[in-house]
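Below is one structure; the comments refer to it alone.
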Amino acid sequence: MSTSSRFIRVLQVLLLSVFLVIVGYRILIQDVGLEVLTPEPSYKVTLRMDMTPAEASAGAPMRVSTYVPASNERQRVAPLPHQTGPLSFEVTSDATGRRAVWRAEAAGDAQEVSYAFRVWPQSVAYQLDDELKRPAPGAAPPALHGYLRETPAHPVGTAAAQARYERIAPRRTDRLVPLLQALFEHAASVSEGTGTAAASERTGAPDREGNRWLVTLARQAHIPSRLVGGLMLHDGQASRVHQWAELHINGHWVPFDAAHGHFATLPASYLPLCRGATSLAQSSAGTGLKYTVDVDQSWTARQEMERATTAASTATPGLWKPLTDAGLSLDLLMLMLLLPVGGSMVVFFRNVVGLETYGTFLPALLAVACLATGLLWGMLAFLIVTLTVAVLHLPLERAGLMHTPRLAILMVCVIVQILLTALSVQFEWVDLSYFILFPVVILTSTAERFSAHLTEDGPAKAAKVTLMTAFVIACSYFIMNFSVVGLTLLAFPEVLLLVISFNVWLGRWVGIRLTEYTRFRWLINRHQDPSYATETR
882 MSTSSRFIRV LQVLLLSVFL VIVGYRILIQ DVGLEVLTPE PSYKVTLRMD
932 MTPAEASAGA PMRVSTYVPA SNERQRVAPL PHQTGPLSFE VTSDATGRRA
982 VWRAEAAGDA QEVSYAFRVW PQSVAYQLDD ELKRPAPGAA PPALHGYLRE
1032 TPAHPVGTAA AQARYERIAP RRTDRLVPLL QALFEHAASV SEGTGTAAAS
1082 ERTGAPDREG NRWLVTLARQ AHIPSRLVGG LMLHDGQASR VHQWAELHIN
1132 GHWVPFDAAH GHFATLPASY LPLCRGATSL AQSSAGTGLK YTVDVDQSWT
1182 ARQEMERATT AASTATPGLW KPLTDAGLSL DLLMLMLLLP VGGSMVVFFR
1232 NVVGLETYGT FLPALLAVAC LATGLLWGML AFLIVTLTVA VLHLPLERAG
1282 LMHTPRLAIL MVCVIVQILL TALSVQFEWV DLSYFILFPV VILTSTAERF
1332 SAHLTEDGPA KAAKVTLMTA FVIACSYFIM NFSVVGLTLL AFPEVLLLVI
1382 SFNVWLGRWV GIRLTEYTRF RWLINRHQDP SYATETR
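Structure (structure tokens):
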């Protein structure tokens, strides 16, 4: 073994040992469990309302409201920036839930308002004791008597409700669970019948009819019960609410959804917003309201990871505390820590896969810039710059200008392009204005690299390298945009030792690059079968 090989082995063992010592200290002494590294699903929910005042209501006060969630033992909610327009905004609470309310003293033009939040929900499941007894009349606490009364939606005590209950309820047992199972099965059969379609058309709450009857029959059995309205979260757009039942059993509000077969359970995708209400959004008289819900699911770090990140910035000795005291935010520190990860991704694609890119770290810098603008607008900026250079390259070259003045002219064109995108706001192309957030230095450096490739290698090779660079940028972006990666680096900065070790391994890579398997396929086949090369060549 050569001296350099032994040095590399010792270096990698040393890096791994230091990493394990630090991680062991964090786990055993600082009590930071590795389970915090496991991401959990979260949902970004945006409630959008388009308000259209009627002509007859001009000058009258205008009001619109929607129910919004609150944090509790089942879910964690983080409000996000919302859109209020010229309207006043407040969040109020009442017996039905929390409301986001927008008001205007007088109806004016059509307005669009929104309320956005991120929620981390958890599924719940209750194990009902088979020995639980049916509640006796009057056994419920006074605070729950309101959930036993007759309402227009729940005709408790009527002859029809009593007859239905007597037909369904088992008579030979006083245990609670068989009764609940009988009521649940009946409510599920109602949900599958024609009553559901009628209820959906009337209230806009699909599958409400079966759960409504479940609440009615539970109250008939002296079990406090209520309807809960909310959303069934799915990635994409949802425009309707869902209602399920909650029954007060043994001191807990236990969920039941007969329409979807959830007995004493509630999936994580269910987001409760209100209790007893029949509509999520309401508006004042004379105000038309169009209501939509945008849901975007993603994987984010656990709350324990955020605590570990905070501990990393405030612990004694705190690694990040001197930097944060100097005015650097944790977000900026995270971007700085992500750069080596992005650079390592680029090195992997260059050394192991065999892709060509504009430099080693330029794709990583472009990926970091995309974190601010989004991948779509970042890639659009990259492609617009390369197309601009391609269009201007030939006339500038024919003009006989030297290389450096040509680059200065290209830089002016790139800056003008970026500034012109700010005018897109006047045409309500708000997303296009994000282009201006893209760092000018990175784009001009891209223009310089692309121009050099056009001059030295020709348009075909330059286009090929551009596509490879775009692919590597996208891959680096997805890795760096994964919030768990950034938070892990903040909470466990010793991971950078593994990044160094990974690059040491890449620096000693002597294997065949993946692209070379295709490039030299004839030679590989010839080695395996000598007759193949003779026939194909």
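Each residue of the sequence shown is one higher than the one before, starting from 882 at the first, in this note's numbering.
Positions of the beta carbon are idealized from the N, C-alpha and C atoms, including for glycine.
Keep in mind it's a predicted model, so treat the numbers as computed, not measured.
Short Cβ contact (8 Å threshold) for residue i with residue j
i     : j     : result
P1160 : N1384 : Reading off the sequence, residue 1160 comes out as Ser, not Pro. No, they are not a contact pair.
A1157 : L1098 : Here the sequence assigns Gly to residue 1157, which means Ala is not the residue at that position. No, they are not a contact pair.
V949  : V982  : no
G1259 : A1245 : no
V997  : P962  : The sequence given here places Ala at residue 997; Val does not occur at that position. Yes. Within cutoff.
Y1028 : S1106 : yes
V1233 : W1125 : no
L1057 : L1013 : yes
G1169 : T933  : yes
N1331 : A1343 : It is Phe, not Asn, that sits at residue 1331 in the sequence shown. Yes. Within cutoff.
L1095 : A1068 : yes
V1037 : Q1101 : yes
G1235 : E1337 : no
A1042 : N1092 : no
S1326 : L897  : no
I1354 : V1222 : no
A1162 : T947  : yes
A1040 : H1103 : no
D1177 : K925  : yes
R1428 : S969  : Since the first and last residues shown for the chain are 882 and 1418, residue 1428 lies out of range.
A1328 : V1272 : no
M1215 : G1367 : yes
E1090 : S1072 : yes
S1150 : M943  : no
7 Å Cβ shell around residue i - same chain, five flanking residues per side excluded
i     : result
G1019 : none
T977  : C1155, R1156, G1157 and A1158
L1379 : F900
S1357 : G1223, M1226, V1227, P1244, A1245 and A1248
L1220 : A1245 and V1249
F1401 : none
Continuous beta strand (DSSP E) stretch holding residue i: start and end
i     : result
H1129 : H1123 to I1130
S982  : Strictly speaking, residue 982 in this sequence is Val, with Ser absent from that position. Where V982 is concerned, the enclosing beta strand (DSSP E) stretches over G978 to A985.
A959  : Q956 to Q964
T933  : E921 to P934
F1359 : Per DSSP, F1359 belongs to no beta strand (DSSP E); it is in the alpha helix (DSSP H), P1340 to N1362.
E971  : S969 to D975
G1111 : S1106 to M1113
R944  : M943 to V949
A1162 : A1162 to S1164
Beta carbon proximity, residue i to chain C, threshold 8 Å
i     : result
V1096 : Included in the structure is just one protein chain, with no chain C present.
Distance cut-off 7 Å: residue i Cβ against heavy atoms of the ligand PLP
i     : result
G1142 : The model on display carries no ligand, and the ligand PLP is accordingly not part of it.
Close Cβ partners of residue i (< 6 Å) along its chain, the five nearest in sequence each way excluded
i     : result
A1079 : For A1079, the predicted model reports a pLDDT of 37, less than 50, meaning its position is unreliable and no value from the coordinates is stated.
K828  : Not covered by the structure: residue 828. The range shown for the chain is 882 to 1418.
T1267 : F1331 and T1347
S1120 : With a pLDDT of only 48 at S1120, under 50, the local geometry of the prediction cannot be trusted, and no value is derived from it.
D990  : none
Range covered by the alpha helix (DSSP H) that runs through residue i
i     : result
E1073 : Run containing E1073: none; DSSP gives neither H nor E here.
T1241 : From DSSP, T1241 is part of no alpha helix (DSSP H); its letter is neither H nor E.
M1260 : L1256 to R1279
G1388 : V1376 to G1388
L1419 : The question about residue 1419 has no answer here: the residues shown for the chain are numbered 882 through 1418.
V1135 : Where V1135 is concerned, there is no enclosing alpha helix (DSSP H), although the beta strand (DSSP E) it sits in stretches over H1133 to D1138.
A1099 : R1089 to Q1101
L1395 : L1395 to R1400
Residues near residue i by beta carbon distance below 8 Å, same chain, minus five either side
i    : result
V904 : F1373 and E1375
Are at least three pairs of beta-carbons, each pair with one atom in the stretch 1141-1157 and one in the stretch 1001-1018, less than 8 Å apart? Verdict: yes, contact present.
Three Cβ pairs or more, each shorter than 8 Å: is that satisfied between the stretch 1335-1347 and the stretch 1223-1241? Touching, yes, given that three or more Cβ pairs across the two stretches are closer than 8 Å.
For the stretch 984-1060, which segments carrying the alpha helix (DSSP H) assignment without a break, of at least 4 residues, lie completely within its bounds, in sequence order? DSSP runs (the alpha helix (DSSP H)) wholly in the stretch 984-1060: 1040-1049.
The stretch 1362-1373 contacting the stretch 1262-1272, beta-carbon criterion three pairs below 8 Å: They do not touch, by the three-pair rule.
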